[in-house]
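Some notes on the structure that comes next.
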Ligand code: FE
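Take a look at the structure:
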């Protein structure tokens, strides 16, 4: 909308422009190509597994990311101390520990305390799921022993390192940190 037609639109609605917010409110994040056109925005995690972070919320300790796999694979077993929300954009996946399958268009809630092992790519070419991960991912070994963790700060570090390496530049990450 042009400025003139925007003004006419607001006048018709009888609304005064209220384009201000509290001075300490964070800036919004708007990403038109969330599933990116530029493949370099996918950060490798494991063979055939990538993430594309959309929001790295350092101030509240969570991150929103796309997870993509291209071939059959297994994501390290992990435990969530806080909830996770997932929305399947493409393909299917499941957990070794559950008997349901997450399918395209589906929503999944992972409760705090949940430990699971993601299995991807059973008969699909590509899987893409949006996850909001709160707190941390705690990785567990085959015997359930502690093997490592990710939190929003390790994700920020990984993103900076990768985007610098592929020529996008580490500064890109600043635009999605809040
Ligand atoms: Fe999980």
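Residue numbers (our numbering): 9 to 186.
Even glycine gets a Cβ: it sits at the ideal position worked out from N, Cα and C.
Every value quoted in this text rests on a predicted model; they were computed, and no experiment measured them.
Based on Cα-Cα distance, which residue from the options lies nearest to residue i?
i: residue 46; options: 106, 171, 11 and 23; result: 171
i: residue 131; options: 168, 58, 20 and 80; result: 80
i: residue 120; options: 143, 107, 75 and 16; result: 143
i: residue 136; options: 178, 182 and 78; result: 78
i: residue 134; options: 153, 14 and 57; result: 57
i: residue 93; options: 18, 138 and 128; result: 138
i: residue 69; options: 141, 31, 152 and 151; result: 141
i: residue 148; options: 166, 122, 16 and 39; result: 122
i: residue 42; options: 165, 72 and 177; result: 72
i: residue 182; options: 21, 34, 127 and 20; result: 34
i: residue 150; options: 83, 10 and 13; result: 83
i: residue 127; options: 103, 152 and 179; result: 103
i: residue 177; options: 152, 48, 156 and 155; result: 48
What residue does the alpha helix (DSSP H) around residue i start on, and which one ends it?
i: residue 15; result: 11 to 21
i: residue 168; result: 160 to 173
Would you please state the rounded distance, in angstroms, between the beta carbons of residue i and residue j? I believe it to be under 8 Å.
i: residue 186; j: residue 37; result: 7 Å
i: residue 124; j: residue 105; result: 5 Å
i: residue 74; j: residue 60; result: 4 Å
i: residue 54; j: residue 91; result: About 23 Å; that fails the 8 Å criterion.
i: residue 76; j: residue 50; result: 6 Å
Could you please give the first and the last residue of the uninterrupted beta strand (DSSP E) stretch that includes residue i?
i: residue 93; result: 92 to 98
i: residue 86; result: 81 to 87
i: residue 124; result: 123 to 128
i: residue 77; result: 70 to 77
Does ligand 3 have a heavy atom nearer than 8 Å to the CB of residue i?
i: residue 57; result: In terms of ligand content, the structure shown lacks ligand 3 and carries ligand 1 instead.
- Message: Using only Cβ atoms and a threshold of 6 Å, which residues come within that distance of a heavy atom of ligand 1? Order them by chain position.
- Response: Those satisfying the condition are, in chain order, 86, 88, 92, 118 and 124.
Exercise. Report yes or no: do the region 110 to 124 and the region 89 to 102 share at least 3 C-beta pairs separated by less than 8 Å?
Key: The region 110 to 124, when compared against the region 89 to 102, does touch it at the 8 Å Cβ threshold.
Take every Cβ of the region 155 to 163, pair it with every Cβ of the region 61 to 78, and state whether three or more of those distances are shorter than 8 Å.
Inter-segment contact for the region 155 to 163 and the region 61 to 78 is present: three or more beta-carbon pairs are separated by less than 8 Å.
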